[in-house]
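**Q** One structure, pasted below without further comment.
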Amino acid sequence: MSARVRIGAALVAAVASAAVVAGCGSGEPARFGGVPQSCARLLAPAVAEIRAFAGALYTEGDFEQPQTAAATDPDRPSRACGGAYPQRPVAAPAPGAALSRIVSVVFAVQRGDDPVAGAAKYLDVAAGSAEGVRGHEVGDESYSGTPPFAETGAVQIGFRVSNAVVTVSVVGTDAALREGGAPEPVPTAELSTVATGIAQTLAADLDSVLPG
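Numbered per mature numbering (1 follows the signal peptide of the UniProt record, and there is no 0), the sequence shown spans residues -18 to -1, 1 to 194.
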């Protein structure tokens, strides 16, 4: 399984078996009714941010990723999308040059009884799986953490808007500065900035990509 698939599927796999507990209930009306299958549509608002992150490694694509069984859950349909750049290894990269950039985004919409409270609980489970820290001002609530089972150094931003939960995971490597050295991970602070930017853009335009 590729790194792209691991990052994209890890969150769904980690929380698929978790029971959604609504507690006392939020009573808020749900804004979203489902998740489109077109990754090109889902990620359209964030293409500029993804392109900037990948830089010279970027190639046009439809952002499609293999789906997991959790995506067919009728109470919480989901879609994993993203891209891994470059599509082929870089030959003889210059010292410090970008070697790889991976972006994975999972969209999930909670349905059933009290879907807003259910989505809030789902975000809690996702944050726990990612050892997330609250504090990022994205959507109605959000966290920053590490994608479970993902590449070392990966960063994840998860957020909720009404009954939708979205996670954005990014990771990358650069060529060693010295000949024969091991690839260097992209600094966490840089990845956090990238993931937050993608998350903020998606949160602002979520109504344009998720049906009501």
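Beta carbons: idealized from backbone N, C-alpha and C, even for Gly.
Count the other CB atoms, across all protein chains shown, that sit within 10 Å of the CB of Val91; report buried if there are 16 or more and exposed otherwise.
**A** buried
**Q** When burial is assigned at 16 or more other CB atoms within 10 Å of the CB, is Val115 buried or exposed?
**A** exposed
**Q** Strictly by DSSP, which residues pair up with Ser126?
**A** Val115 and Ile139
**Q** Using C-beta distances below 6 Å, list every residue in its chain close to Glu10, excluding the 5 sequence neighbours before and after it, in chain order.
**A** So the qualifying residues of the chain are Val98.
**Q** Which one or two residues does DSSP pair with Glu172 in a beta bridge?
**A** In DSSP, Glu172 forms no bridge with anything.
**Q** Quick check on Arg61: does DSSP put it in helix, strand or coil?
**A** Strand at Arg61.
**Q** Residues in its own chain within less than 8 Å of Pro27 by CB, not counting five upstream and five downstream?
**A** Thr183, Leu184, Ala186, Asp187, Ser190 and Val191
**Q** Which residues in the same chain have their Cβ closer than 6 Å to the Cβ of Val85, if we skip the five residues on either side of it in sequence?
**A** Ile32, Gly64, Gly65 and Val152
**Q** Which two residues bound the contiguous alpha helix (DSSP H) that contains Val17?
**A** That residue, Val17, is in no alpha helix (DSSP H); it is neither H nor E in DSSP.
**Q** Just how far apart, CA to CA, sit Leu173 and Ser20?
**A** For Leu173 and Ser20, the distance between alpha carbons rounds to 26 Å.
**Q** Using only the alpha-carbon positions, how far apart do Ala62 and Ala30 sit?
**A** 19 Å
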